[in-house]
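Residue numbers (the numbering used here), protein chains in the order written: chain A, 1 to 244; chain B, 1 to 234. Beta carbons: idealized from backbone N, C-alpha and C, even for Gly. Bear in mind that the values here come from a model prediction, so they are computed numbers and not experimental data. These notes are about the structure you will find just below.
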Amino acid sequence: MLGKLMKYDLMSAMRSFGPLYLVLLAMSVVIGLFIRFNVTENFLMTFLIISYGVTMIVCWVVPIVILTLRFKKNLLGDEGYLSFALPVSTFEQIVAKVLSALIITVICAAVVILSFLITGFFAASFDQLRIALQQLAGIFHEVLDVNLIPQLLKGLAMLILSSVQFITQIYAALAIGHLFKDHETLGAAIAFIAMSFLLSTLVNTLGIESVAGSAGIYALFTVAVTAVFTAVTWFILDRNLNLG
Amino acid sequence: MNVLECRNLTKSYGSTKALDNVNLTLESGRIIGLLGPNGSGKTTLIKLANRMLVPTEGELLICGQKPGVETKKIVSYLPDRNFLPEWMNCKELIWMYEDFYKDFDTQRAVEMIRSLNIDHKMPMKKMSKGTKEKLQLILTMSRRAKLYLLDEPIAGVDPAARDYILHTILSNYDEEASILISTHLIADVESVLDEAIFLKEGHIMLHDNVDSIREKSGVSLDEHFREVFRCWEN
Numbered sequence: 001m002l003g004k005l006m007k008y009d010l011m012s013a014m015r016s017f018g019p020l021y022l023v024l025l026a027m028s029v030v031i032g033l034f035i036r037f038n039v040t041e042n043f044l045m046t047f048l049i050i051s052y053g054v055t056m057i058v059c060w061v062v063p064i065v066i067l068t069l070r071f072k073k074n075l076l077g078d079e080g081y082l083s084f085a086l087p088v089s090t091f092e093q094i095v096a097k098v099l100s101a102l103i104i105t106v107i108c109a110a111v112v113i114l115s116f117l118i119t120g121f122f123a124a125s126f127d128q129l130r131i132a133l134q135q136l137a138g139i140f141h142e143v144l145d146v147n148l149i150p151q152l153l154k155g156l157a158m159l160i161l162s163s164v165q166f167i168t169q170i171y172a173a174l175a176i177g178h179l180f181k182d183h184e185t186l187g188a189a190i191a192f193i194a195m196s197f198l199l200s201t202l203v204n205t206l207g208i209e210s211v212a213g214s215a216g217i218y219a220l221f222t223v224a225v226t227a228v229f230t231a232v233t234w235f236i237l238d239r240n241l242n243l244g
Numbered sequence: 001m002n003v004l005e006c007r008n009l010t011k012s013y014g015s016t017k018a019l020d021n022v023n024l025t026l027e028s029g030r031i032i033g034l035l036g037p038n039g040s041g042k043t044t045l046i047k048l049a050n051r052m053l054v055p056t057e058g059e060l061l062i063c064g065q066k067p068g069v070e071t072k073k074i075v076s077y078l079p080d081r082n083f084l085p086e087w088m089n090c091k092e093l094i095w096m097y098e099d100f101y102k103d104f105d106t107q108r109a110v111e112m113i114r115s116l117n118i119d120h121k122m123p124m125k126k127m128s129k130g131t132k133e134k135l136q137l138i139l140t141m142s143r144r145a146k147l148y149l150l151d152e153p154i155a156g157v158d159p160a161a162r163d164y165i166l167h168t169i170l171s172n173y174d175e176e177a178s179i180l181i182s183t184h185l186i187a188d189v190e191s192v193l194d195e196a197i198f199l200k201e202g203h204i205m206l207h208d209n210v211d212s213i214r215e216k217s218g219v220s221l222d223e224h225f226r227e228v229f230r231c232w233e234n
């Protein structure tokens, strides 16, 4: 059932910002070609670069906005009457939302990286591309030589853990907001700010940092915080739900 | 077999009791009207049966089980609002119901949708209010459930649509199943009901066979309802 829940979450999300990603990729091609043929002084080029920057920012911001709205609408709005009538547990509903959000975040990051690569590919001449590829191969060998792969994997794991923690924080804030009838959005915003403040105080007090030395402690802390946020969300949705 | 049972069921919102010590037993194979004015506790009872609310005291059982994942497999619920995602069309909604409910009868749903000439590819957001309500009812009644909980299925639609809705309800339920219809439009549903429950301020005032109510009161269910509730208001 988890997979089915995620399927409909992703379908809904991609419908909203799939076209935006296509626009970004198309702009990467055009900008790459402009650079390739030295059309850099053109007004159109300036306009394109500004638009590209704006689209890039939107590509990062929109998923957060859409995931927030999706959780609110799908579980706490009128669609909640459908979601909570499905034969799935509240915990599965929350896990599906977190995993879908994580997938969307990964897709978003991949599209942005792809967009840079496309621009580079179209902007460079054949020789430049050949040199860039050689340099890339050199960096790759260096990474292998000094055995940086475990560090890279650790960094990636940290990034994923932090993203999941951030997502569950948003969901917990929305769930707390649900308890404030008629002021749900305000309640959620205050809850989010309060949680952020509490978290940073806790991190400073305990002296937890995400540096290599204390990575394990940081990871444990992140997992614990994620579990607390998930438990808060579950408790409210399972025991204190009251759809309007 | 008891399809729904309430034992000393109480639901409070702060200091307000929406349901107060309700004891109720519903058997299978019956069409039951849950009747009462606005704010009488009808929706609260239905939400409790769907586990969208948790009882303050007492318990509610569906086929002997507390509401949860297992009972949701056998309960088909129609809320009193537009609850389907606006971005989805008929086809996608049917896929979704197929995905989540093993008892969903696709053939039945497709036939009913075809009879209404609804465009399969039209998203919900482009449908009229009446079409949306009919589609919601079709999806709800296309399940082979043991208990159908219909919250105000005919409120807010024109008389012709009411006839369609009642016809759809009657012609699409398994005789082993029970239907609980919550409404305050009694005259429209009276002819299809086997039993009626009068609910007032969270208390059950009456629960009996419709024929028996008519016989004892000497008037129609609708008239009796008006008399009873007028009495309470004085």
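Contact annotation: the region 199 to 219 of chain B touches the region 33 to 47 of chain B, with at least three C-beta pairs closer than 8 Å. For P123/B, DSSP records a beta bridge to N89/B. Only buried fits I213/B, as 16 or more other CB atoms lie within 10 angstroms of its CB.
Counting only residues of its own chain and dropping the five nearest sequence neighbours on each side, R143/B has a CB closer than 6 Å to the CB of S76, Y101, D103, F104. Of the residues assessed, R70/A falls on the buried side of the cut-off, its CB having 16 or more other CB atoms within 10 angstroms. The beta-carbon separation of D9/A and A96/A, rounded to 6 Å, stays under the 8 Å limit for a contact. At a cut-off of 7 Å between beta carbons, P79/B contacts chain A. With 16 or more other CB atoms across the displayed protein chains lying within 10 angstroms of its CB, I154/B is buried. Comparing alpha carbon positions, the residue from G80/A, I193/A, G120/A, L241/A closest to L33/A is G120/A. For K17/B, no alpha helix (DSSP H) segment is defined; the enclosing uninterrupted segment is the beta strand (DSSP E) at 16 to 27. Within the region 42 to 67 of chain B, contact with chain A at the beta-carbon level (separation under 9 Å) is assigned to K47, N50, R51, M52, L53, V54. Where I236/A is concerned, the enclosing alpha helix (DSSP H) starts and stops at 215 to 239. Contact annotation: in the region 85 to 96 of chain A, residues whose CB is within less than 8 Å of a CB in chain B are A85, L86, P87, V88, S89.
Put simply, the CB of L159/A is far from chain B, with every gap to its CB atoms at 7 Å or more. In this structure the region 71 to 80 of chain A lies against the region 172 to 183 of chain A, because at least three pairs of beta carbons, one per stretch, are closer than 8 Å. Residue environment for D151/B: buried (at least 16 other C-beta atoms within 10 angstroms of its C-beta). Residue environment analysis places H224/B among the buried positions, since at least 16 neighbouring C-beta atoms fall within 10 angstroms of its C-beta. F83/B is positioned such that its CB atom lies no closer than 7 Å to that of L153/A.
The three-state secondary structure of A124/A, taken from DSSP, is coil. Listed along the chain, the chain A residues whose CB falls inside 9 Å of the CB of F104/B amount to none; the nearest CB is some 11 Å away.
Only residues of its own chain outside the window of five on either side were considered, and among them I94 have a CB closer than 8 Å to the CB of V110/B, listed in chain order.
No residue range can be given for A155/B, since it is assigned to no alpha helix (DSSP H) and is classified by DSSP as neither H nor E. Within the DSSP bridge table, the entry for E5/B names T25/B, L61/B as partners.
Within chain A, the residues placing a beta-carbon under 8 Å from that of V69/B are P87, V88, S89, ordered along the chain. Interface annotation, K73/B: in contact with chain A, CB-CB separation under 7 Å.
At a cut-off of 7 Å between C-beta atoms, L82/A counts as an interface residue with respect to chain B. Secondary structure of G53/A (DSSP, three-state): helix. Put simply, the region 219 to 232 of chain A touches the region 160 to 170 of chain A. At least three CB pairs are less than 8 Å apart.
Take R36/A, set aside five residues on each side of it, and the residues of its chain with a beta-carbon closer than 8 Å to its own are F122, A123, A124, S125, in chain order. D208/B is bridged by DSSP to A196/B. A194/A and I94/A have their C-alpha atoms some 22 Å from each other. Nearest C-alpha to G64/B among L221/B, L4/B, C90/B, S12/B: L4/B. Interface with chain A (7 Å Cβ-Cβ cutoff): W95/B is excluded. Chain-order list of chain B residues neighbouring S12/A: P85, W87, by C-beta distance under 8 Å.
Remark: fewer than three beta-carbon pairs, one from each stretch, lie closer than 8 Å, so the region 113 to 131 of chain B and the region 179 to 194 of chain B are not flagged as touching. Per DSSP, the continuous beta strand (DSSP E) segment holding G33/B begins and ends at 31 to 35.
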